[in-house]
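Beneath this line is the structure, given in C-alpha cells, with notes to follow.
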Amino acid sequence: MEEVLDCYIVKVEEAKRDGSASMGPVYRSVYAKDGLVEAPEGARTCWELFSNTVKTSPNARMLGHRPIVAGKVGKYVWQTYQEVYNQVLYIGSAMRTLGVGPKGRCGIYGINCPAWMITLQACNGHSIYAVPLYDTLGDDAVEFIVGHAEVSIVFAHADKIPAVLRALPKCSKYVKTLVSFGVMADSDKEQVKSAGAAAYSWDEFLNLGKTNPVNFEPPKPEDICTIMYTSGTTGEPKGVLLSNESIVTAIAGIDYYLKVKNEKVDASDVYLSYLPLAHIFDRAVEEFFIYNGAAIGFFQGDVKYISDDIQELKPTLFAGVPRVFDRVYAGAKAKLAEAPAYRQAIFDFAYRRKLGYMKMGFKQEKASPMADVLVFSKVKQRLGGRARLLISGAAPLADHVEEFLRVASCARMTQGYGLTETCAASFISIPDVYSMHGTVGPPIPVIEVCLQSVPEMNYDALAETPKGEVCIRGKTLFSGYYKREDLTAECMIDGWFHTGDIGEWLPNGALKIIDRKKNIFKLSQGEYVAVENLENIYGQCPTFDSIWIYGNSFESFLVAVVIPNEAALDAWAKENDVKGDDLYTSPKAKAFIMDELSRTAKNNKLKGFEFIKAVHLEKLPFDTERDLITPTFKKKRPQLLNFYRETIDELYRGLKK
Numbered sequence: 001m002e003e004v005l006d007c008y009i010v011k012v013e014e015a016k017r018d019g020s021a022s023m024g025p026v027y028r029s030v031y032a033k034d035g036l037v038e039a040p041e042g043a044r045t046c047w048e049l050f051s052n053t054v055k056t057s058p059n060a061r062m063l064g065h066r067p068i069v070a071g072k073v074g075k076y077v078w079q080t081y082q083e084v085y086n087q088v089l090y091i092g093s094a095m096r097t098l099g100v101g102p103k104g105r106c107g108i109y110g111i112n113c114p115a116w117m118i119t120l121q122a123c124n125g126h127s128i129y130a131v132p133l134y135d136t137l138g139d140d141a142v143e144f145i146v147g148h149a150e151v152s153i154v155f156a157h158a159d160k161i162p163a164v165l166r167a168l169p170k171c172s173k174y175v176k177t178l179v180s181f182g183v184m185a186d187s188d189k190e191q192v193k194s195a196g197a198a199a200y201s202w203d204e205f206l207n208l209g210k211t212n213p214v215n216f217e218p219p220k221p222e223d224i225c226t227i228m229y230t231s232g233t234t235g236e237p238k239g240v241l242l243s244n245e246s247i248v249t250a251i252a253g254i255d256y257y258l259k260v261k262n263e264k265v266d267a268s269d270v271y272l273s274y275l276p277l278a279h280i281f282d283r284a285v286e287e288f289f290i291y292n293g294a295a296i297g298f299f300q301g302d303v304k305y306i307s308d309d310i311q312e313l314k315p316t317l318f319a320g321v322p323r324v325f326d327r328v329y330a331g332a333k334a335k336l337a338e339a340p341a342y343r344q345a346i347f348d349f350a351y352r353r354k355l356g357y358m359k360m361g362f363k364q365e366k367a368s369p370m371a372d373v374l375v376f377s378k379v380k381q382r383l384g385g386r387a388r389l390l391i392s393g394a395a396p397l398a399d400h401v402e403e404f405l406r407v408a409s410c411a412r413m414t415q416g417y418g419l420t421e422t423c424a425a426s427f428i429s430i431p432d433v434y435s436m437h438g439t440v441g442p443p444i445p446v447i448e449v450c451l452q453s454v455p456e457m458n459y460d461a462l463a464e465t466p467k468g469e470v471c472i473r474g475k476t477l478f479s480g481y482y483k484r485e486d487l488t489a490e491c492m493i494d495g496w497f498h499t500g501d502i503g504e505w506l507p508n509g510a511l512k513i514i515d516r517k518k519n520i521f522k523l524s525q526g527e528y529v530a531v532e533n534l535e536n537i538y539g540q541c542p543t544f545d546s547i548w549i550y551g552n553s554f555e556s557f558l559v560a561v562v563i564p565n566e567a568a569l570d571a572w573a574k575e576n577d578v579k580g581d582d583l584y585t586s587p588k589a590k591a592f593i594m595d596e597l598s599r600t601a602k603n604n605k606l607k608g609f610e611f612i613k614a615v616h617l618e619k620l621p622f623d624t625e626r627d628l629i630t631p632t633f634k635k636k637r638p639q640l641l642n643f644y645r646e647t648i649d650e651l652y653r654g655l656k657k
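Structural data, given as C-alpha cells:
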C-alpha cells in the first residue's frame with residue numbers, strides 16, 4: 001500500500017484579515033517544508049538544460065519523426081542529442097549572421113516537429129526571444145503578435161507560409177527573414193522578396209550557418225527566454241514574458257516531485273509530442289524530458305492518425321488535455337459495449353474490485369495485477385502498452401473519465417494545474433493516492449500559495465472549508481505582460497499572482513478548482529450565478545460531452561447549449577424506438593437531455609435558479625475554427641454568445657410563450 005500523508009501542505013504564514021479581501025494562510029508543499037526547491041547550479045537556463053545533456057548523453061535519442069515516402073508514413077527515425085546540437089549550432093549561426101542577436105525576436109509558426117525544437121534551442125543558445133505563433137489562431141492574430149513583439153525572423157511550417165505571406169505586407173517593418181521548415185516554392189520566395197524580406201528553405205539556412213559559424217551567447221537565468229502569447233477568452237492576445245529562471249525552476253520542481261514519488265524519467269523514456277509546442281504545457285514537458293536525456297517522438301502532424309503514432313512510438317509518459325482523454329474513454333467504452341454480455345460482466349466485476357482496493361490505499365499496479373493482465377490490457381494498449389504515467393492539464397478532467405483511467409489504463413493518473421503566467425506546473429495531484437481524485441493536488445515544491453476571499457461570490461478563505469481566489473508566489477512567475485504594465489499591475493499584487501481561479505482546500509492539502517472569478521452574472525431576481533461551477537456540476541452527466549450555460553440580468557432563469565454524447569444519444573433513441581433523420585432537433589431528445597440535467601441538478605442540491613430551463617442540442621463540438629474555444633479548450637464566452645445569439649433568443653422566447 002502507498003504510504004499516505006495526512007496532509008501534503010505545510011503552513012508557512014498565518015492568515016491576514018483585511019476586511020472582505022482577507023487572505024488565507026500561506027502554504028507550500030510538504031516536500032518543501034525546509035525551503036523551496038531551486039534549480040541546481042549549472043542548470044539554471046533552458047540552454048544549460050539542453051547543452052548539459054549533449055555533454056553527458058551525446059548518443060542518446062532526442063528527436064524522432066515519421067518520414068512520409070510515396071504517401072506512406074514510415075517508422076520513427078531518430079536524431080541523437082549530438083546530431084540535434086550540430087543543427088542548433090548552424091541555425092543559431094545563420095540567425096546571428098543575418099543580424100538577429102541577443103534579445104532579438106524569432107517567431108515560430110507551425111505544428112510540432114524536430115525543426116520547431118531545433119529552432120527553439122538555437123534561440124536559447126543565443127539569448128534570442130522565442131515567440132511562438134499559434135497554429136490554431138487566424139491571420140489577424142499572427143499579424144498582431146508579429147507586430148506587437150517586433151519579430152524580425154519567422155520560421156514556418158510549409159502549410160503556414162501562405163498565412164505568413166498574407167500578413168507580411170503589414171509586418172514588413174519588422175520581418176526581414178522567412179525560413180521554411182522544409183522547402184520553399186520559388187513563387188513564395190519571390191513574394192517574400194517583393195515584401196522586402198529574405199527567404200530560405202531549411203537546408204539553405206543550415207548551410208548559411210555552417211559556412212558562417214558564430215559562437216553561442218547563452219542567457220543569464222534572469223534573461224527573458226520567450227514571449228508566449230495567451231489566446232485569452234476576450235480581447236487581444238497578451239504577451240507573457242517568461243524568463244529562463246522561471247521555466248527552469250518549474251522543471252526543477254516537476255523533476256523533484258516525480259523523483260520523490262518514484263517516477264524518475266531517464267533515457268529509456270519516450271514522450272509523444274502532439275500538444276502544441278506554442279503552449280507552455282507541452283513546452284515544459286518537452287524541456288523536462290530534455291533535462292533528463294529522454295526521447296521525444298513527434299506525431300505525424302494530423303490528430304486523426306494519433307492512435308497510429310501512439311502504437312508505433314509506445315510512449316512511457318502521456319500528457320493530454322481532457323478532450324484527448326475523453327476520446328480514449330469513449331473509445332474504450334464503445335469497444336466494451338460491443339463485447340458479449342459475459343465479458344462486460346467480467347469487466348464490471350474487475351473494475352469494481354480494483355477500484356475498491358485503490359480506495360483502500362493500494363497502488364495502481366498492486367490493486368489487482370491479475371485483472372490488469374486478463375481484463376484491462378486492451379485499454380492499456382490504446383495508449384501504446386508502455387505508458388506508466390498519464391498527466392492531464394489545461395482544463396478540468398471529468399471525474400468519471402479520471403476514475404476510469406486510474407482503474408483501467410494500468411497507468412498512474414494525475415491532474416495538474418497552472419497557467420502560462422506560472423510556467424504551466426503549479427499543482428500536481430499525487431499518483432496512487434485516490435483521495436486526490438477530482439483535484440489538482442498540492443502545490444509543487446517551488447511555489448507558495450494562498451487563497452483570497454471573494455465575498456461577492458460567497459467564497460471565504462478563512463472558513464472551515466477555505467475557498468477563494470488562488471494566489472501564487474515564487475520564481476516560476478512570469479516577468480509581466482509585454483507592453484501592458486496596466487494588465488500586469490491588475491494581477492500582480494505585492495508579489496502574488498492572482499490567477500482568477502477559485503480554489504478549495506481539501507483536508508489532505510489537495511486543491512480543487514471549483515470556479516472562475518470573472519465568470520459570474522446576476523439574474524433578474526438579483527441572484528448571482530457562478531457559471532463555471534455550474535458547468536462542472538452538470539458536466540458530471542455522462543449523456544453529453546460539453547455544455548455552455550447562459551443567463552443575463554434581464555432574465556430570471558438559465559438556458560444552455562449542450563453537445564450530446566453521440567453514442568449515448570443513439571443508444572437512448574434505439575432503446576426508446578425514437579427514429580428520425582436528426583435526433584438533435586427531436587423534442588423527445590431534448591426532453592431526454594432536460595431530464596438528465598434536472599436529475600443532475602437535484603442530485604447536487606442546486607438552487608432553483610441554478611436549474612437549466614431550456615436547451616439547444618448541438619451536433620458539432622465547440623472548436624477553435626469557429627473561435628468558440630481557446631487552443632487549450634477554454635470556452636470563449638463572448639464569442640459563444642455572439643455565435644448562438646439567435647438560438648439563445650429563441651430559447652428565451654419559447655419559455656415565455
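Using the UniProt record's numbering, the first residue of the sequence shown is number 1, and each one after it goes up by one. Even for Gly, the Cβ is constructed at its ideal location relative to N, Cα and C. In this text, all values refer to a predicted model and were calculated from it rather than measured experimentally.
Cutoff 7 Å; reference residue i; Cβ partners in own chain excluding five residues on either side
i: Ala425; result: Ala250, Gly253, Ile254, Ala284, Gly416, Gly418, Ile444
i: Val375; result: Ile346, Phe347, Ala350
i: Trp47; result: Asn124, Gly125, Pro218, Pro219
i: Ser93; result: Gly209, Asn212, Pro213, Val214
i: Phe643; result: Arg626, Leu628
i: Gln79; result: Met62, Leu63, Pro114
i: Arg96; result: His126, Val214
CA-to-CA distance, residue j to residue i, given in whole angstroms
i: Asp188; j: Leu178; result: 10 Å
i: Lys314; j: Lys170; result: 44 Å
i: residue 703; j: Ala510; result: Only positions 1 to 657 of the chain appear in the structure, and residue 703 is not among them; the question remains open.
i: Lys11; j: Lys33; result: 9 Å
i: Leu277; j: His126; result: 20 Å
i: Tyr342; j: Lys259; result: 42 Å
i: His616; j: Leu651; result: 8 Å
i: Arg386; j: Ala267; result: 15 Å
i: residue 711; j: Phe478; result: Given that the chain is displayed from residue 1 to residue 657, the structure contains no residue 711 and the question cannot be resolved.
i: Asn59; j: Leu120; result: 20 Å
i: Gln344; j: Val433; result: 27 Å
i: Ile513; j: Ile111; result: 30 Å
i: Met413; j: Arg406; result: 5 Å
i: Pro25; j: Gln452; result: 9 Å
i: Glu610; j: Ala197; result: 57 Å
i: Arg637; j: Phe216; result: 45 Å
i: Gly101; j: Ser273; result: 29 Å
i: His400; j: Met358; result: 15 Å
i: Val142; j: Ala339; result: 48 Å
i: Tyr229; j: Arg516; result: 21 Å
i: Ala122; j: Ala130; result: 9 Å
i: Val321; j: Asp623; result: 14 Å
Residue nearest to residue i in terms of C-alpha spacing, selected from the options
i: Leu36; options: Tyr256, His126, Tyr129, Asp6; result: Tyr256
i: residue 659; options: His157, Val270, Asp627, Glu217; result: Here the chain covers residues 1 to 657 and nothing more, so residue 659 does not appear.
i: residue 691; options: Ala560, Lys103, Ala395, Leu390; result: This structure does not reach residue 691, given that the chain is present from 1 up to 657, and the question cannot be answered.
i: Pro132; options: Ala195, Asn52, Leu241, Gln364; result: Leu241
i: Ala158; options: Ala115, Gly196, Asn262, His65; result: Ala115
i: Thr488; options: Val373, Leu462, Gln87, Glu421; result: Glu421
i: Ala330; options: Ala408, Ile280, Ala167; result: Ala408
i: Met62; options: Gly71, Val88, Ala39; result: Val88
i: Glu245; options: Asn86, Val446, Phe427; result: Val446
i: Leu597; options: Thr624, Thr543, Gly239, Thr632; result: Thr543
Contacts around residue i, its chain only, beta-carbon distance under 8 Å, and the 5 residues preceding and following it disregarded
i: Ala334; result: Ala567
i: Gly495; result: Arg473
Chain-order list of residues whose beta-carbon lies under 6 Å from that of residue i (same chain, five-residue window excluded)
i: Met1; result: Because the pLDDT of Met1 is 40, which lies under 50, any placement of that residue in the model is unreliable, and the question is left without a value.
i: Ile549; result: Val531, Leu534, Glu535, Leu558, Ala560
i: Val470; result: Thr499, Asp501, Gly503
For residue i, the residue or residues it bridges with in DSSP
i: Arg61; result: Thr80
i: Met228; result: Val240
i: Phe521; result: Val529
i: Gln300; result: In DSSP, Gln300 forms no bridge with anything.
i: Thr414; result: Ile391
i: Gln452; result: Met23, Glu469
Minimum Cβ-Cβ distance from residue i to chain B less than 9 Å
i: Arg327; result: The chain inventory of the structure shown lacks chain B, comprising one protein chain alone.
Exercise. Quick one: any contact between the region 478-493 and the region 506-521, if contact means 3 or more CB pairs under 8 Å?
Worked result: no
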